[in-house]
Amino acid sequence: MYNSVLQLALANLKTYSRRFIAVTLAVMIGTAFLGATLMVNASATESLKNSIGSSYANSDLVIHGDYSAAYDNLDAADTDGEPDPVGYQLGAKALKAVEGTAGVSAAHGAAGTSVSVHAGSKDYFASVSTVAKDPRLTSTVLESGALPSSSDQVAVDATYAGEYNISRGDVLDVASATEDGKEISKQVKVTGITEASNDPLTGANMSLTVSQSLLEALSGPGETTYQSIALLSVGSVDLDTLKTSITSALASEGIEYTTVLTPDEQIVKDVANFSGGNDQLTIVLLVFALIALVVTGLVVMNTFAVLIAQRTRELALMRTLGALRSQIRSSVLIEALLVGLLASAAGVLLATGIMAGLIAILGATVPSMSFAILAVPVQAIVVPILAGTLITLVAAWVPAGKAMSVSPLAALRPADDVAMGNKAGKVRIVCGLLLLFAGAAALAYGAIEGDILIAFGGGMLSFPGILMLGSLFLPKTVSAIGNLTSGGTVPGKLASLNAVRNPGRTTATATALLIGVTLVSMMMVGAQTAKSSLGDALGSEYLVDIQILDYDQKGFSTDAIAKAATLDGVEVITELGSVGTSAEGELYATDPALLARVLNSDKQVPGSGEILTGSTHEASTLAATSYTGASGELKALVSDSNSFRPVMGWDTAERVLGITPAVAAEATQHESLLWLKADDNLDAAALRTLQTDLAVALGVEEFAIGGGMKEMQMFNTVIDMLLMIVSGLLAVAVLIALIGVANTLSLSVLERTRENSLLRALGLTRGQLKKMLATEAVLIGGVAALLGVLLGSAYGLLGAQSVMGAFGAMSVSIPWLQLAGVIAVSVVAALAASIVPARRAAKLAPVQGLASD
Amino acid sequence: MTITAPHTSTDIAVHATNLSKIYGAGTTRVEALRGVEVSFARGKFTAIMGPSGSGKSTLMHCLAGLDDASGGSIYIGGTDISKLNDDALTKMRREKVGFVFQSFNLVPTLTAEANILLPLALAGKKHDAAWLETIVATLGLKDRLTHKPHELSGGQQQRVAVARALLTRPEVVFGDEPTGNLDSRTGAEVLSLLRSSTREMGQTIIMVTHDAIAASYADTVLLMKDGELVGQLEDPTVESVTQALSGLGV
Ligand SMILES: Nc1ncnc2c1ncn2[C@@H]1O[C@H](COP(=O)(O)OP(=O)(O)O)[C@@H](O)[C@H]1O
Ligand SMILES: [Mg+2]
């Protein structure tokens, strides 16, 4: 009997294979995302192993001096705050101790030095590695010629030999600087060419392989230090025991702080040092993969629900013919299992392909990444396949239950008698409400208190709550908006009726899209608000976009200033003249009207009799002395900017200190500077160009040009980049949801073949039919997008408030264009999703559809 | 063979000449209609009968503009519909033709009333309220107008379909086994309704059936076999129809 169930499932898959395309696609994309995420980490680790670890890959144990342990154990003798090198440096003494330890068959000290190489007429920088006594411990691999055997021979790596035109037989000068600053130089002959190094730590330099004696010669007598010591054991010894005996052998020589690790352990340590935040990246990516998978689950659930509904009569017939409930369910679950398994496997293949492609591109375009290789760890295959299959199975569980409960009688009832309607379970509504209220309260508290963690928790609770309540508001909204927009036309009315004829299906389809759109718009609104809030904070911190100093004190000519004013991106330019001094240092004056325009904060413009000071000034007045000896008191307007040149209008300078621009220009101490306001929309490149242009126009060095614009732009660039990456990742979830919209629609169209043919017979034109189906898709997609944008904006604002709370007032800023773009994309995609099914439906002659069962 | 219903050409509602329909090609080629010449008198109730597979449904589908004919011309109210494109044909259907199918006559999302008004709504036309009331009263649907199809019995559903077909005062109402899914009493009710709409409203009706009792409600019975018209009965009775059918070897 099990066999017949399997057969049935296979037959269904074969017969209706087209109906499974979208599910397969959705599961495939979701699992590919997960797979790729897992491969990112493994590939990074593997690439680094391949390169960093290559130098000690063949050894049994690797010994390193442990500087940080030595530093942690500083004692009174270390008066300079640095640990005594004796405790952690590996030298000839250490090598000897290791070689002398029982169980060690060979040991080799890897040089940690670099030298300069004089070849032809040029000097190059080279990393040095040495030939080991035991050839198994030599890390360089010979490509041609011979490894150096005496102190006047070297081997050069192939890449740099090619690049610098060095070939075998050439004579080079090799020089090194000793500790005491003396230079030791040797003339050597190139005897061999070695394979290029993969190590990102040394790969940037020429790699020079030398004999032990040359290293010693270059290091100076008794000065040789090793970066590490690699060793081979005699084989029969236990490595852990050997580690202990080596550590104590070294300690007895006074080298207390060392690590003795197997190559694998060492690689893990090196990779962790080198790649730092790799694990965090993986965790972040996994969160996005999880979102994509949840959306996938919704799409799968919906598809199976529709497929089961379509097969109600067939299932009922089977029940009549004696199929057990459990057999019906098994057959549906086996279908899900097979689809999930196949789609997930395809997803892993897709992920592998994409990652291989990306790494190939990376390796080819970024020279320093040429060591990158693809690693597909077992878990990157197993986990996505398990997750994809499991999600498909779980998502099919509820529809399978429905299939199981089809009564044999249903076979005898006409298909269109099957009652429509779908009620949300009470439990789900109660849970949803609880989550929503608890979450909303936490969110509100987090926003008010400026606690992002609490707000985040609130979001994590309330969003699933809202999704659980989806069946309460999604179909109603679709229907309401459908009625509003139908314009009284029959296709419009039919579309809005169709869009909600199966509320459960509508809810699931819309929910999938809602998730993606909510998250994307949350990020957009959050980022925009954060940007603008930071912009305000930065605007009062960095009051001036660009400040140009007059280092050589020659002043700026009127012509040069006029020319600078015409440059692209310059909005306001004003010259500040020095008028005197105060407790706050040099005082400046400039044209009051231009000053008001050049400053980035409206609230911080000095009025008549006022001087704008840096935030360090505390008093409400400032006593000033002019160059002409006059003194007066100015009202202080204290800005938020901490390094700021006090400035006033010329009117104030003349009235209080009796200094006019003309007088100031005469003064010997005259120093002037320029303040510029630049176009807010300049991007980083345009700003750099402007800087260069300004330097030329004003005849100053580029370093004389400063100001807050660059800092502000850096903040914005970072936020924009984060937003782009996050949106890109979330786009995967949106894409899957859109596939779901297309899928639901095309299955519904299949299901309604007869109905649509009836409408055609009764006078619905092809165009009207297409319009009806398009409207239906747009209604579901549009409403989901609209609600998602609203919800996402609320989350974004609350989230930004809870982050910014700590920094000060939030300035609400909604990226209208971007949000409209999100809605437009969803609507257009939904429209596009309706094209194929609508075309198929319209192609059918009315009579063909009427005949179909 | 040419058979013309006994009325003058000015009184012809539907007319087909040399109508042929071929399904498939090669070994699967089926000639469902072989050069059919037929005219249907205005204001008459005509039944088309014949053994299963004789081409009854095909003929009706072609006449009603639901399917393309392979050859020949079809005139409905003087318009050659074989020359119309799909949109024009669709508009012709909603204005000049009414349908009652065997099953699945109604759009499940719409109420009975909305279903009745559907062709007019699609055409963007106002309905004649008095006419609607007359039809609804005649068909006994007054209390059922706000019901959805799944809340109606089979007979009620067919009556809603009849009301829809009559509301536009079409040139012709086509029925393909309209009583095939009904019990005999409900079937008789629907057939009486169709007959009285011919008698009292002058409605032209063309009905396909394989049931001799149903055919006996018609004014004329046309007999089909192997894609051709092979006979005709005026003022049929159950007996005369049964006899004529057995003459066809059924
Ligand atoms: N869509 C079709 N494709 C191929 N052959 C068809 C199709 N529809 C009907 N036929 C064939 O055309 C002939 C007439 O069919 P039909 O008009 O349905 O007969 P009736 O309604 O009298 O039973 C039959 O031989 C039938 O097999
Ligand atoms: Mg038939």
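Chains as they are written, first to last, in our numbering: chain A, 231 to 1083; chain B, 32 to 281.
Don't be surprised by glycine CBs; every beta carbon is placed ideally from N, CA and C.
Quick caveat, the model's predicted, so the values are computed rather than measured.
Given residue i, which residues of its chain have a CB within under 7 angstroms of its CB, disregarding the five upstream and five downstream residues?
i	result
Ala300(A)	Pro313, Gly317, Tyr318 and Tyr487
Glu446(A)	Thr454
Ala194(B)	Ile147, Ile166, Val167, Leu170 and Leu172
Look up residue i in the DSSP assignment and say whether it is helix, strand or coil.
i	result
Ser1041(A)	coil
Val636(A)	coil
Asn946(A)	helix
Tyr286(A)	helix
Asn973(A)	helix
Phe786(A)	coil
Leu852(A)	strand
Gln263(B)	strand
Arg990(A)	helix
Ile396(A)	coil
Ser83(B)	coil
Asn242(A)	helix
Ser359(A)	strand
Gly254(B)	Reading off the sequence shown, one finds Leu at residue 254(B), where the question assumed Gly. The answer is strand: DSSP assigns Leu254(B) an E or B state.
Phe135(B)	coil
Gly422(A)	strand
Please name the residue or residues paired with residue i in a DSSP beta bridge.
i	result
Tyr818(A)	Ser808(A) and Val877(A)
Gly129(B)	Val204(B)
His348(A)	Asp353(A) and Asp403(A)
Ser415(A)	Ala405(A)
Ala340(A)	Ser458(A)
Glu840(A)	Lys865(A)
Would you mind working out which of the options sits nearest residue i, comparing C-alpha positions?
i	options	result
Gly810(A)	Thr455(A), Val708(A), Val774(A) and Ala860(A)	Ala860(A)
Asp387(A)	Glu373(A), Ser381(A) and Pro378(A)	Glu373(A)
Asp870(A)	Leu906(A), Ser831(A), Ser556(A) and Leu779(A)	Ser831(A)
Gly527(A)	Ala1050(A), Ile1010(A), Leu1049(A) and Gly970(A)	Gly970(A)
Glu329(A)	Ser357(A), Phe263(A), Leu461(A) and Thr368(A)	Leu461(A)
Ala249(B)	Gly258(B), Lys256(B), Leu224(B) and Met255(B)	Leu224(B)
Tyr1025(A)	Gly756(A), Leu572(A) and Ile678(A)	Gly756(A)
Met531(A)	Val657(A), Val292(A) and Thr741(A)	Thr741(A)
Who are the near neighbours of residue i in its chain, counting only those whose CB is closer than 6 angstroms to its CB and skipping five residues on each side?
i	result
Glu202(B)	Ala44, Ile107, Gly108 and Lys127
Leu276(B)	none
Gly688(A)	Gly669, Ala672, Leu673 and Gly676
Leu444(A)	Ser381
Tyr781(A)	Ala934
Ser762(A)	Ser1041 and Ser1043
Val131(B)	Ala192, Val193, Ala196, Gly206 and Pro209
Val536(A)	Leu977
Tell me, to the nearest whole angstrom, how far the beta carbon of residue i is from that of residue j; I am working on the premise that it is less than 8 angstroms.
i	j	result
Tyr286(A)	Ser458(A)	7 angstroms
Asp98(B)	Val1077(A)	4 angstroms
Leu906(A)	Val800(A)	6 angstroms
Ile841(A)	Leu864(A)	4 angstroms
Ala1072(A)	Ala1004(A)	Rounded, the Cβ-Cβ distance is 11 angstroms, inconsistent with contact.
Thr820(A)	Val877(A)	6 angstroms
Pro209(B)	Pro180(B)	Not really, about 16 angstroms apart at Cβ, beyond 8 angstroms.
Pro891(A)	Gly815(A)	Contact doesn't hold; Cβ gap of about 21 angstroms is too wide.
Val613(A)	Leu959(A)	Actually they are not in contact, since the Cβ atoms of Val613(A) and Leu959(A) sit about 18 angstroms apart, beyond 8 angstroms.
Ala252(A)	Thr533(A)	7 angstroms
Thr421(A)	Arg398(A)	7 angstroms
Val347(A)	Val404(A)	6 angstroms
Ser1032(A)	Ser751(A)	At roughly 17 angstroms, the Cβ-Cβ gap does not stay under 8 angstroms, so Ser1032(A) and Ser751(A) are not in contact.
Near residue i, what residues of its chain come up, given a Cβ to Cβ distance below 8 angstroms and the 5 sequence neighbours on each side ignored?
i	result
Asp257(B)	Arg65, Ser85 and Gly86
Ile584(A)	Ala262 and Ala266
Leu664(A)	Gly695
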